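Structure first, then comments.
Residue numbers (our numbering): 197 to 577.
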């Protein structure tokens with residue numbers, strides 16, 4: 197989209213990096229993407245190639261192999277993934293949610309051991325929060341970790357785990373003190389090759405078809421105490437810090453999906469003819485596109501301000517919740533209207549609008565459902 201209000205968030209170095217990301221997606225990802233959707237997963241080598249060009253260490257310190265940037269660089273990758281309709285690989289989860297948590301809360305030895313291999317794509321990560329019995333309520337976590345000498349013994353199950361089939365490690369939420377409820381949660385960095393770890397089937401989803409999503413099971417898994425991330429029983433604070441960024445990641449992707457859908461629909465309706473004129477010539481089409489364009493363009497400065505504040509460490513959990521709630525609801529409305537304007541072709545998977553419509557639906561569910569976002573926002577009133 198061409199914005200009447202110019203974007204001022206990014207400098208020249210950011211736009212040069214954006215060109216690198218776009219070129220990588222067009223040359224390395226898009227030609228293979230349909231194969232990955234059919235397979236239900238992405239190959240490991242694309243992670244390694246992404247690591248080579250710096251996509252996985254944008255905000256990771258140079259001390260650990262990253263490029264030493266900030267969330268502005270993260271947001272560029274997220275935007276380009278959305279613009280080109282690339283829902284997988286889940287680089288955003290790995291590099292812009294999990295790795296910042298590790299960089300912020302791990303000790304120096306942990307960071308020097310774990311982060312470099314994540315930057316290169318040699319290690320692929322997942323985060324284990326949601327369980328078969330619940331997702332957003334941390335006090336209901338039943339996966340438990342019990343101290344045993346220099347180790348912890350972990351038992352439990354997690355579900356809907358992004359990268360669940362291909363991940364090497366999972367940042368796992370466990371209950372270490374049930375008497376404390378949500379404040380008795382601790383996070384462990386768990387090697388998924390350990391004895392007692394098993395993976396469920398790759399779940400078939402409405403969208404995000406190239407992204408593997410699976411259950412993880414832990415049966416007396418012995419994890420070194422040295423793999424505790426942060427302090428014991430401080431997982432809640434760690435997750436609250438990480439979830440604010442995760443919600444912004446979802447918001448950034450959502451508004452770009454809406455922008456891209458409008459561009460695609462304008463192009464399609466100006467080419468598609470019916471009843472002796474283009475679909476765009478109908479007043480209904482023009483009014484729909486005008487309404488969507490106005491809404492999305494009005495939202496862009498808000499999102500840019502959220503990104504700017506978060507980069508400075510000034511975006512509250514309440515603002516992140518507002519951004520996630522508003523952009524995901526907006527994106528779903530825009531994508532549904534754009535699909536409708538495509539007619540029957542909008543329901544054909546080969547058309548980008550169909551993929552985007554299906555891929556975006558989960559945005560109102562993960563990173564905390566939109567109902568949870570409303571609850572968080574209400575607490576600030």
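Cβ coordinates follow ideal geometry from the N, Cα and C atoms, glycine included. Source: prediction; values computed, not measured.
Report the three-state DSSP secondary structure of residue i (helix, strand or coil).
{"i": "residue 418", "result": "strand"}
{"i": "residue 513", "result": "helix"}
{"i": "residue 363", "result": "coil"}
{"i": "residue 254", "result": "coil"}
{"i": "residue 383", "result": "strand"}
{"i": "residue 460", "result": "helix"}
{"i": "residue 480", "result": "helix"}
{"i": "residue 395", "result": "strand"}
{"i": "residue 577", "result": "coil"}
{"i": "residue 495", "result": "helix"}
{"i": "residue 473", "result": "strand"}
{"i": "residue 525", "result": "helix"}
{"i": "residue 201", "result": "coil"}
{"i": "residue 423", "result": "helix"}
{"i": "residue 340", "result": "strand"}
{"i": "residue 350", "result": "strand"}
{"i": "residue 356", "result": "strand"}
{"i": "residue 271", "result": "helix"}
{"i": "residue 322", "result": "strand"}
Between the alpha carbons of residue i and residue j, how many angstroms are there, rounded?
{"i": "residue 544", "j": "residue 240", "result": "29 Å"}
{"i": "residue 383", "j": "residue 577", "result": "31 Å"}
{"i": "residue 379", "j": "residue 494", "result": "39 Å"}
{"i": "residue 325", "j": "residue 224", "result": "31 Å"}
{"i": "residue 289", "j": "residue 248", "result": "18 Å"}
{"i": "residue 363", "j": "residue 216", "result": "26 Å"}
{"i": "residue 264", "j": "residue 256", "result": "5 Å"}
{"i": "residue 393", "j": "residue 417", "result": "7 Å"}
{"i": "residue 572", "j": "residue 523", "result": "16 Å"}
{"i": "residue 580", "j": "residue 204", "result": "It is not possible to answer for residue 580, since the shown part of the chain is limited to 197 through 577."}
{"i": "residue 481", "j": "residue 277", "result": "27 Å"}
{"i": "residue 537", "j": "residue 475", "result": "8 Å"}
{"i": "residue 548", "j": "residue 477", "result": "22 Å"}
{"i": "residue 307", "j": "residue 298", "result": "7 Å"}
{"i": "residue 460", "j": "residue 433", "result": "41 Å"}
{"i": "residue 471", "j": "residue 465", "result": "13 Å"}
{"i": "residue 463", "j": "residue 226", "result": "20 Å"}
{"i": "residue 492", "j": "residue 419", "result": "47 Å"}
{"i": "residue 222", "j": "residue 251", "result": "14 Å"}
{"i": "residue 218", "j": "residue 473", "result": "35 Å"}
{"i": "residue 499", "j": "residue 345", "result": "48 Å"}
{"i": "residue 335", "j": "residue 243", "result": "34 Å"}
{"i": "residue 231", "j": "residue 361", "result": "17 Å"}
{"i": "residue 329", "j": "residue 352", "result": "11 Å"}
{"i": "residue 206", "j": "residue 339", "result": "42 Å"}
Counting only beta-carbon atoms, is residue i nearer than 8 Å to chain C?
{"i": "residue 330", "result": "Considering every chain present, this structure includes no chain C. It has just one protein chain."}
Measure the CB-CB distance between residue i and residue j and report whether it falls below 8 Å.
{"i": "residue 513", "j": "residue 436", "result": "yes"}
{"i": "residue 357", "j": "residue 411", "result": "yes"}
{"i": "residue 506", "j": "residue 220", "result": "no"}
{"i": "residue 556", "j": "residue 527", "result": "yes"}
{"i": "residue 457", "j": "residue 530", "result": "yes"}
{"i": "residue 323", "j": "residue 367", "result": "yes"}
{"i": "residue 284", "j": "residue 404", "result": "yes"}
{"i": "residue 302", "j": "residue 381", "result": "no"}
{"i": "residue 236", "j": "residue 359", "result": "no"}
Closest to residue i by CA distance: which of the options is it?
{"i": "residue 208", "options": "560, 269, 394", "result": "269"}
{"i": "residue 309", "options": "485, 385, 223", "result": "385"}
{"i": "residue 245", "options": "287, 214, 255, 375", "result": "287"}
{"i": "residue 275", "options": "517, 213, 236, 230", "result": "213"}
{"i": "residue 431", "options": "469, 374, 462", "result": "374"}
{"i": "residue 415", "options": "426, 359, 354", "result": "354"}
{"i": "residue 229", "options": "504, 463, 352, 407", "result": "407"}
{"i": "residue 350", "options": "484, 371, 280", "result": "371"}
{"i": "residue 578", "options": "423, 401, 396", "result": "Outside the shown range of the chain, which is 197 to 577, sits residue 578, and nothing can be said about it."}
{"i": "residue 533", "options": "348, 401, 489, 396", "result": "489"}
With contact counted as at least three CB pairs below 8 Å, one residue from each stretch, are the stretch 252 to 266 and the stretch 307 to 324 in contact?
-> yes
Evaluate the contact criterion for the stretch 423 to 442 versus the stretch 290 to 298: three or more CB pairs, one atom per stretch, below 8 Å.
-> yes
Contact between the stretch 532 to 552 and the stretch 448 to 465 (3+ Cβ pairs under 8 Å) = yes
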